[in-house]
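**Student:**
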Amino acid sequence: MRPAFPLLFLFLLSLSYSLLHPCTSLCVPRGSRSPSLPSPTSPPPPPPTTSPPPPPTSSPPPPTPSPPPPSAPAKGLDDALKSFCSHTDFSDLCLDSIKGLKRADKAAVLSALMRAVDAKAHEARSFAQRLSADPATGAKIRDLLRDCIDTYDDALDNLEAANEAVRAGDAGTRDAMLSAMISNFGTCEDGFQEFTVKSPMAQWSQTLQNMTDNCLAIFNMDRPNEDYE
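Residue numbers (mature numbering (1 follows the signal peptide of the UniProt record, and there is no 0)): -25 to -1, 1 to 204.
Put into structure tokens, the structure is as follows:
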């Protein structure tokens, strides 16, 4: 049997080689993947820049619609009212008194005319009161204005009596009361004429006389049939 010296010699030689030359590379088991390094991350994209919104543009205002032409019924109403006032001596004053009326029958026209006289007489009376209370008004004018206030009160009483006569169907009393009103307004002016003083009530009195005359004219436009309610 040969001695084991050669085998021992080979073992020692192999051991000394492994000690002198250590493995510098990483041993990777067979069949496994080599570890991959993470790829460098790119910086996030900058946020999108938004341009400022354009200033609001003001749209032009819509065109103003033109008024529609008067309808046939409205034109017929105007013509009918003008027809009533054509029976008076003061047609413009008549039309102004019934302005805005929605009916064109005799009853409605007369009711509007009587209301207009009542409103105008109260305005005139209030004007005379304010003027008579004004310290700048002379003593004589103040006395004459007080007379006018009394005659205007009489006229308003006669107007109420005329309205009652209308409701009662008493045409004679109605016309008499309206005629008395015309005299009342004239009496206010008589005092100023007597003293040759300019009347501050002249325009009021004349307008009220004309308005009352219009009422009489419409009441009697188709006598003997007074169709007034």
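We put the CB at the ideal spot given by N, CA and C, even for glycine.
(1) Kindly give me the distance between the Cβ atoms of GLN187 and VAL84, rounded to whole angstroms, as I take these residues to be in contact under 8 angstroms.
(2) Out of ALA55, LEU52, ARG90, which has the shortest C-alpha to C-alpha gap to residue 206?
(3) Applying the 10 Å Cβ sphere with the 16-neighbour rule, what's the burial state of GLY166?
(4) Within a Cβ cutoff of 7 angstroms, which residues of the same chain sit near LEU153, ignoring the five residues on either side of it in sequence?
(5) Check for me: the alpha helix (DSSP H) holding residue 232 runs from which residue to which?
(6) Compare the beta carbon distance of ALA130 and ALA96 with 7 angstroms and say whether it is the shorter of the two.
(7) With respect to the alpha helix (DSSP H) encompassing ASN133, which residues constitute its N-terminal and C-terminal limits?
(8) According to DSSP, is TYR198 helix, strand or coil?
(9) With a threshold of 16 other CB atoms inside 10 Å of the CB of PHE194, please say whether the residue is buried or exposed.
(10) SER107 and ARG117: beta carbons closer than 7 angstroms?
(11) Please state if the CB of THR126 and the CB of THR162 are separated by a distance shorter than 7 angstroms.
(12) DSSP on ILE157, reduced to helix/strand/coil?
**Tutor:** By the coordinates alone:
(1) First, the residue type needs correcting, since residue 187 is Thr and not Gln in the sequence shown. That pair is no contact at about 15 angstroms.
(2) Because the chain here runs from -25 to 204, residue 206 falls outside it and cannot be looked at.
(3) buried
(4) ALA137, THR187, CYS190, LEU191
(5) Since the displayed the chain opens at -25 and closes at 204, residue 232 lies outside it and no answer follows.
(6) yes
(7) 114 to 143
(8) Before going further, note that residue 198 is Arg rather than Tyr in the sequence given. Note: ARG198 maps to coil in three-state DSSP.
(9) buried
(10) yes
(11) yes
(12) helix
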